[in-house]
Amino acid sequence: MSTVSLDRSERLTSRPAGPLAAAPADGSAPPGKPPPAKFGAIDVGTNSIHLVMAEISSEGDFRILGRDKEMVQLGKGGFARHMLTARAMREGLAALKRFTKMARLKGISRLRAVATSAVREAINGGDFVQAVRDELGLALHIISPEEEARLIYLAVRHAVNLGADDNLIMDVGGGSLEMVVGNAERPEVLASVKLGASRLAELFLKSDPPSEGELKALRKHVDEHLEPLITRLGARNFARCIGTSGTIENVATVCAYRRGATEIEPFMQLSMTRGELKTLLVELSGLTREQRLKLPGTDARRIDSILTGTVVLLAVMQAFGLSQIDHCHMALREGIILDDIARHQAHLQARAMWPDPRIRSVIQLGERCRYHRPHAEQVARLAVSLFDQLRDRHELADAYRELLGHACLLHDIGYLISQESHHKHSYYLVRNGGLQGFSEQEIEVMANVARYHRKGRPKKSHYSWRNLAREHRRPVRKLIALARLAEALDRTHDSVVDAVSCHADGGGVELRVHTRKDAELELWTARRQAEVFEEEFGLPIRIVPAGQAPKEARRAPGS
Numbered sequence: 064m065s066t067v068s069l070d071r072s073e074r075l076t077s078r079p080a081g082p083l084a085a086a087p088a089d090g091s092a093p094p095g096k097p098p099p100a101k102f103g104a105i106d107v108g109t110n111s112i113h114l115v116m117a118e119i120s121s122e123g124d125f126r127i128l129g130r131d132k133e134m135v136q137l138g139k140g141g142f143a144r145h146m147l148t149a150r151a152m153r154e155g156l157a158a159l160k161r162f163t164k165m166a167r168l169k170g171i172s173r174l175r176a177v178a179t180s181a182v183r184e185a186i187n188g189g190d191f192v193q194a195v196r197d198e199l200g201l202a203l204h205i206i207s208p209e210e211e212a213r214l215i216y217l218a219v220r221h222a223v224n225l226g227a228d229d230n231l232i233m234d235v236g237g238g239s240l241e242m243v244v245g246n247a248e249r250p251e252v253l254a255s256v257k258l259g260a261s262r263l264a265e266l267f268l269k270s271d272p273p274s275e276g277e278l279k280a281l282r283k284h285v286d287e288h289l290e291p292l293i294t295r296l297g298a299r300n301f302a303r304c305i306g307t308s309g310t311i312e313n314v315a316t317v318c319a320y321r322r323g324a325t326e327i328e329p330f331m332q333l334s335m336t337r338g339e340l341k342t343l344l345v346e347l348s349g350l351t352r353e354q355r356l357k358l359p360g361t362d363a364r365r366i367d368s369i370l371t372g373t374v375v376l377l378a379v380m381q382a383f384g385l386s387q388i389d390h391c392h393m394a395l396r397e398g399i400i401l402d403d404i405a406r407h408q409a410h411l412q413a414r415a416m417w418p419d420p421r422i423r424s425v426i427q428l429g430e431r432c433r434y435h436r437p438h439a440e441q442v443a444r445l446a447v448s449l450f451d452q453l454r455d456r457h458e459l460a461d462a463y464r465e466l467l468g469h470a471c472l473l474h475d476i477g478y479l480i481s482q483e484s485h486h487k488h489s490y491y492l493v494r495n496g497g498l499q500g501f502s503e504q505e506i507e508v509m510a511n512v513a514r515y516h517r518k519g520r521p522k523k524s525h526y527s528w529r530n531l532a533r534e535h536r537r538p539v540r541k542l543i544a545l546a547r548l549a550e551a552l553d554r555t556h557d558s559v560v561d562a563v564s565c566h567a568d569g570g571g572v573e574l575r576v577h578t579r580k581d582a583e584l585e586l587w588t589a590r591r592q593a594e595v596f597e598e599e600f601g602l603p604i605r606i607v608p609a610g611q612a613p614k615e616a617r618r619a620p621g622s
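Right under this line is the structure:
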């Protein structure tokens, strides 16, 4: 998934809306709605077999219940003869047996298993499919290369806002390289090339470390097999390049450690540049297998294919003039889930395929935490309005606007844990809620705004503040001031404030509150937050009902 920097402009609607009503506190399905269906997807790949179990709501959304994988290396030893070895078939059956049992224990009502390159190309692939059916009662579907690419596209489109321009999506598997050209509307090109990392390692790398002749033959083979696809696509510029699969994740992880990362957390946004891959390839080419194992971030289970995977990635980047590849954590198995949703709930497909995964992820986290949706949306609406009207005063990049709105949607989710210190619990839930499509620092920005929407101010000794990069602290202090004003202006949680208008001059800011109801409590509470605003913006602020003649700011005692 691509990392979004904080200097990029992002759009937030003036009144964010969530897809679902909040669920009952006991976790049951809302009245009148069927209980969620449980579905399992199994991806029988050349390197590994994956299981993903999901709960699918009646609205077409899904959440992951659990996942597992085994590095069976089904294709190992059989690329030259196009045969699955007895060992591979035996271990593959054992893994599938364990996965089907796990799915039953989770209450999975439907299970779909698909097989890709290794089984598809093997002479005895049909024997393996039959053995799976006979021993486990499981139908294993061998899918075409184009279908494999289509399912990968569905997964990436769900996780990344592809926009209207062409994107290059690729998945370096064990047996094949799948490539997709597409945008948020449709995939234009679905292609597959037999350039899987394990296949290439088995066919070309015989020495340890590999000889110069082996490396030369490998690079020549990759270039020759990419040539028809390059000709087919022609000269074009891609908005971005997105990579998925274990091989790409492992290479990106090694690159992250080489940049200085000390730990790779779940949902961290991984990426790699062409320059990083060139440097890494030079180093890998001269290392033995044992030496490669010592590289920080290297997955021992992929030690034989990391070099060939790097060769393929670099060749693609050079062929299409790409400067960076961003990793997406969703892949073929999530694509199977999305395809099932579309097949069984076609009228809900558009909802399940929302083009913006960031807002979808925020709303789903809010719903899981039983957030008070009307209040959250009102605070977000007011905060974004204040941000827009005070641009000349805060001078913050537009990307902070989106993060402010998301943080306000989630500012009270800490109530799920406890009313006391709920703002601190909100920080923890935002930071660890599995938000998708955001960089680590974007999540920290949102989590800190939620953390300080009430009570104390940021301090260097606070764990939350230490996690926030120094360059974001001044902007976040201003976002906190805006969030506090917005929260105060919905003190009763009744959305009594219709709008706010800001009028700034050399003497300060006058904030006019438009309402047709009694908003005295909101006005009083907002004035108590005026000091925070004045400190961060360096301007006095007057908070008055719209239509009232300007007066001196009315401040609560002790504020």
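If you count by my numbering, then the sequence shown holds residues 64 to 622, one letter each, in order. Even for Gly, the Cβ is constructed at its ideal location relative to N, Cα and C.
When rounded, the separation of the alpha-carbon atoms in Ile388 and Asp553 is 43 Å. According to the DSSP secondary-structure assignment, Ser558 is paired through a beta bridge with no residue. A distance of 7 Å or more separates the beta carbons of Leu459 and Gly429. Boundaries of the alpha helix (DSSP H) around Gly188: Gly188 to Leu199. With respect to the 7 Å criterion, Leu545 and Leu401 are not classified as neighbours on the basis of their beta carbons.
For the set Lys269, Met242 and Val192, the Cα lying nearest the Cα of Lys257 is the one of Met242. Annotated three-state conformation of Gly601 is coil, per DSSP.
When beta bridges are read from the DSSP output, Arg126 appears opposite Glu118. For Ile205, the enclosing beta strand (DSSP E) has its first and last residue at Leu203 to Ile205. Gln452 and His113 have their C-alpha atoms some 49 Å from each other. If you look at Pro521, you'll find it isn't in any beta strand (DSSP E); DSSP assigns it neither H nor E.
Runs of the alpha helix (DSSP H) lying entirely within the region 402–460 and spanning at least 4 residues, in chain order: 412–415, 420–431, 436–452 and 454–457.
The alpha-carbon separation between Gly129 and Glu440 amounts to approximately 31 Å.
Every unbroken stretch of the alpha helix (DSSP H) spanning 4 or more residues and falling wholly within the region 294–357 is given here in chain order: 309–321, 337–348 and 352–356. Judged by their CB atoms, Tyr515 and Ile476 are not nearer to each other than the 7 Å cut-off. Taking the C-beta atoms as reference points, Pro420 is found nearer than 7 Å to Ala222. Around the beta-carbon of His485, 16 or more other beta-carbon atoms lie within 10 Å, marking it buried.
Here the region 285–302 lies against the region 210–229, with 3 or more beta-carbon pairs under 8 Å apart.
Counting of Cβ neighbours within 10 angstroms places Thr351 among the exposed residues, the total staying below 16. When the five nearest sequence neighbours on each side are left out, the beta carbons in the same chain lying within less than 6 Å of the beta carbon of Arg183 are those of Ile205, in order along the chain. Straight across, the Cα-Cα distance linking Val195 with Thr148 is about 15 Å. Residue state for Gln499 is assigned as coil, using DSSP reduced to three classes. With fewer than 16 other Cβ atoms inside 10 Å of its own Cβ, Leu168 counts as exposed. By the C-beta density criterion, Ala264 is buried, having at least 16 other C-beta atoms within 10 angstroms.
In the assembly as shown, Gly189 is an exposed residue. Its beta-carbon has fewer than 16 other beta-carbons within 10 Å. Using a C-beta cut-off of 8 Å, the region 559–578 makes no contact with the region 524–540, since fewer than three inter-stretch Cβ pairs fall below that distance. When secondary structure is reduced to three states using DSSP, Phe102 falls in the strand class. Excluding sequence positions up to five before and after Val374, its CB lies within less than 7 Å of the CB of Leu281, Arg282, Val285 and Leu344, all in the same chain and listed in chain order. Beta-bridge partners of His284 (DSSP): none assigned.
Linking Met152 to Thr109 through their CA atoms gives a straight-line distance of about 12 Å. The continuous stretches of beta strand (DSSP E) do not include Val223, and DSSP gives it neither H nor E. For Arg173, the secondary structure class from DSSP, reduced to helix, strand or coil, is strand.
Lys341 and Arg321 have their C-alpha atoms roughly 13 Å apart.
The beta carbon of Leu156 is closer than 7 Å to those of Ala194, Val195 and Glu198 in its chain, skipping five residues each way along the sequence.
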